[in-house]
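Undergrad: The sequence shown begins at 389 in the numbering used here and counts up one residue at a time.
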Amino acid sequence: MHDLSIVIPTRNRISDLTLCIESIGRQTELEDVSIELLIVDDGEIEEKVLEYFRRVLGRLPQAELRYYRKTKPGVWLSRYEALGLIDGEILLSFDDDAELDDPLYIRRMLDTYASDPSIAGVGGIAKGLSSSRSGKLLGRLTCQMSASPGRLSASTLAGSLLLWGETENIFETDFFHGCNMSFRTSALQDMKPYPWMTSYAVADDIYMCHLASRYGKLVINPEMKIMHHESPSSRDKAGRVARATAVNHYYLLNLRKAPVKNYAALLWTLTYLTGKATLKRNFNAVSGYASGILFVLNPRKDKYREFMLD
């Protein structure tokens, strides 16, 4: 049994993953903390690379590396299957392109949990996220963000994370940034292998937060900051990402038992994003958003009621 399980889903991004694990190996004040780090791989990592990762983790007082190569791809499935493989009281998840440049990041996270037993999840902030006054206004008008840093928009988009850099104190939140988020493992007991999440796991972090919030409050600690070396998105994939934005947020509204006005907000957001992609001549994205809008409007789509919580 470990105090902390770190899970990193990855796929063929060795240089990013190496930077992430090296930064974990530089964490301090963890003498009393037993850690397992699980790499959940949709690609392939050579044994000599894994051996290097083990040496890096050997710098920590009590840490071990575990490696799991999946047969079915997908980030949501990686997160779901990881739950059956770890034994830590707390699950800490990083994107493989995250870097912990603060050596006290994990210590701050653990101290936040210790300060309040009712906390079910703790998230940090990626450096460099911000928005201008006009950007905030546009985000609110198009239902991509709310006026509060801890609240989702009416269409369940998480644009409000652009406000996090302006905060100084711990605050409650509806959602985390998926590049660095943690939960009490017991709070994720309702996770399921949702069949609509087999493509791009857009909003997977929001799904996890929604499920965990049934068992306690979620908080952001502004002192927990990381660097997120986010890889640029390929235009070839833009269509699938755009459609997944519509599909995944539609089912998220189902899970949240949202009123009709929230579905209307989602359609308004998707319409705006379609127009934005058109102006940028990103026609793969335009096609994806249009397909997503038709999906939301289709009364005959599968409602997957067996996956919706009571």
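The C-beta atom is built at its ideal place from N, Cα and C for all residues, glycine as well.
Quick one: Cα of L741 to Cα of A632, how far?
TA: Because the chain here runs from 389 to 698, residue 741 falls outside it and cannot be looked at.
Undergrad: Within the 8 Å Cβ cut-off, does L640 reach chain C?
TA: Checking the listed chains, one finds no chain C in this structure; it contains a single protein chain.
Undergrad: Threshold first: 3 residues or longer. Then list the beta strand (DSSP E) segments lying entirely within the region 394–478, N to C.
TA: 423–429 and 451–457
Undergrad: Distance, Cα to Cα, L453 vs R443?
TA: Here residue 453 refers to the residue found at position 65 when the sequence shown is read from its first residue. Here residue 443 refers to the residue found at position 55 when the sequence shown is read from its first residue. Distance between the alpha carbons of L453 and R443: 9 Å.
Undergrad: Around the C-beta of M497, are 16 or more other C-beta atoms found within 10 angstroms, so that it is buried, or is it exposed?
TA: Counting from one through the sequence shown, the residue named residue 497 turns up at place 109. By the neighbour-count rule (16 or more Cβ atoms within 10 Å), M497 is buried.
Undergrad: Given a cut-off of 8 Å, decide if Y582 and F441 are closer than it, judged by their beta-carbon atoms.
TA: In the sequence shown, the residue the question calls residue 441 occupies position 53. In the sequence shown, the residue the question calls residue 582 occupies position 194. No, the Cβ-Cβ distance between F441 and Y582 is not below 8 Å.
Undergrad: Between which two residues does the beta strand (DSSP E) containing M612 stretch?
TA: Taking the first residue of the sequence shown as position 1, residue 612 is located at position 224. K605 to H616 is the span of the beta strand (DSSP E), which, as asked, contains M612.
Undergrad: Roughly how many whole angstroms lie between the Cα atoms of E611 and E417?
TA: As a first step, residue 611 must be located in the sequence shown, where it is residue number 223. As a first step, residue 417 must be located in the sequence shown, where it is residue number 29. Rounded to the nearest angstrom, the two C-alpha atoms are 16 Å apart.
Undergrad: Would you kindly check if the distance between the Cβ of F482 and the Cβ of I594 is under 8 Å?
TA: One-based indexing of the sequence shown puts residue 594 at position 206. One-based indexing of the sequence shown puts residue 482 at position 94. No.
Undergrad: What does E560 pair with, by DSSP beta-bridge criteria?
TA: Here residue 560 refers to the residue found at position 172 of the sequence shown. Assignment of beta-bridge partners to E560 by DSSP yields V607.
Undergrad: Let me check one thing: in DSSP terms, what residues is N568 bridge-paired to?
TA: Residue mapping note: residue 568 aligns to position 180 of the sequence shown, counting from 1. In DSSP, N568 forms a bridge with F482.
Undergrad: Find the nearest neighbour of R467 within the set P397, S601 and L658, judged by alpha-carbon distance.
TA: Position 79 of the sequence shown, counted from the first residue, corresponds to residue 467. It is P397 whose Cα lies nearest to the Cα of R467.
Undergrad: State the Cα-Cα distance for the pair S536 and E434, rounded to the nearest angstrom.
TA: Counting from 1 along the sequence shown, the entry for residue 536 is found at position 148. Counting from 1 along the sequence shown, the entry for residue 434 is found at position 46. The alpha-carbon atoms of S536 and E434 are separated by roughly 45 Å.
Undergrad: Is the distance from the Cβ of C709 to the Cβ of A542 below 8 Å?
TA: What is shown of the chain runs 389 to 698, which leaves residue 709 out entirely.
Undergrad: Please state the DSSP three-state secondary structure of I590.
TA: As a working mapping, residue 590 is identified with position 202 in the sequence shown. Checking the sequence shown, residue 590 turns out to be Val, not Ile. Looking at V590 - three-state DSSP - the assignment turns out to be coil, as it is neither helix nor strand.
Undergrad: Is it buried or exposed for K605, if we count other Cβ within 10 angstroms and need 16 for buried?
TA: If you number the sequence shown from 1, residue 605 lands on position 217. So K605 ends up on the exposed side.
Undergrad: Between I507 and Y501, which are expected to be in contact by the criterion C-beta below 8 Å, what is the C-beta distance as a whole number of angstroms?
TA: Mapped onto the sequence shown, residue 507 falls at position 119. Mapped onto the sequence shown, residue 501 falls at position 113. Going by Cβ atoms, the distance from I507 to Y501 rounds to 6 Å, so yes, they are a contact pair.
Undergrad: DSSP state of G538, grouped into three classes?
TA: Within the sequence shown, residue 538 is the residue found at index 150, counting from 1. Coil.
Undergrad: Just mark N568 as buried or exposed, buried being the case when its beta carbon has 16 or more other beta carbons within 10 Å.
TA: By one-based count along the sequence shown, residue 568 stands at place 180. Around the Cβ of N568, a 10 Å sphere holds 16 or more other Cβ atoms; the residue is buried.
Undergrad: In this structure, does DSSP put L392 in helix, strand or coil?
TA: The residue given as residue 392 occupies position 4 in the sequence shown. L392: strand per DSSP, three-state reduction.
Undergrad: Relative to the C-alpha of D391, which candidate in G566, G676 and L480 has its C-alpha closest?
TA: Sequence index remark: in the sequence shown, residue 391 carries index 3 (1-based). With distances taken between Cα atoms, D391 lies closest to L480.
Undergrad: For the beta strand (DSSP E) that A508 lies in, which residues bound it at each end?
TA: The residue labelled residue 508 in the question sits at position 120 within the sequence shown. Note, A508: beta strand (DSSP E), I507 to A514.
Undergrad: How many angstroms separate the CA atom of P687 from the CA atom of L658?
TA: On the sequence shown, residue 687 is found 299 positions in, with the first residue counted as 1. On the sequence shown, residue 658 is found 270 positions in, with the first residue counted as 1. Roughly 18 Å between the two C-alpha positions.
Undergrad: To the nearest angstrom, how far is it from the Cα of Y588 to the Cα of N672?
TA: Stepping through the sequence shown from its first residue, residue 588 is reached at position 200. Stepping through the sequence shown from its first residue, residue 672 is reached at position 284. Their Cα atoms are separated by approximately 15 Å.
Undergrad: Which residues does DSSP list as the beta-bridge partners of E694?
TA: Position 306 of the sequence shown, counting from 1, holds the residue named residue 694. According to DSSP, which records beta bridges pairwise, E694 is partnered with nothing at all.
Undergrad: Count the other C-beta atoms from every protein chain shown that fall within 10 angstroms of the C-beta of L425, then say buried if there are 16 or more, exposed otherwise.
TA: Numbered from its first residue, the sequence shown carries residue 425 at position 37. With 16 or more Cβ atoms within 10 Å of its Cβ, L425 is classed as buried.
Undergrad: What separation, rounded to the nearest whole angstrom, lies between the Cα atoms of L551 and Y639?
TA: Here residue 551 is taken as the residue at index 163 of the sequence shown, counted from 1. Here residue 639 is taken as the residue at index 251 of the sequence shown, counted from 1. Their backbone Cα atoms lie some 26 Å apart in a straight line.
Undergrad: Between S518 and L525, what straight-line distance do the alpha-carbon atoms span, to the nearest angstrom?
TA: Locating residue 518 in the sequence shown gives position 130, where the first residue counts as 1. Locating residue 525 in the sequence shown gives position 137, where the first residue counts as 1. S518 and L525 have their C-alpha atoms spaced approximately 13 Å apart.
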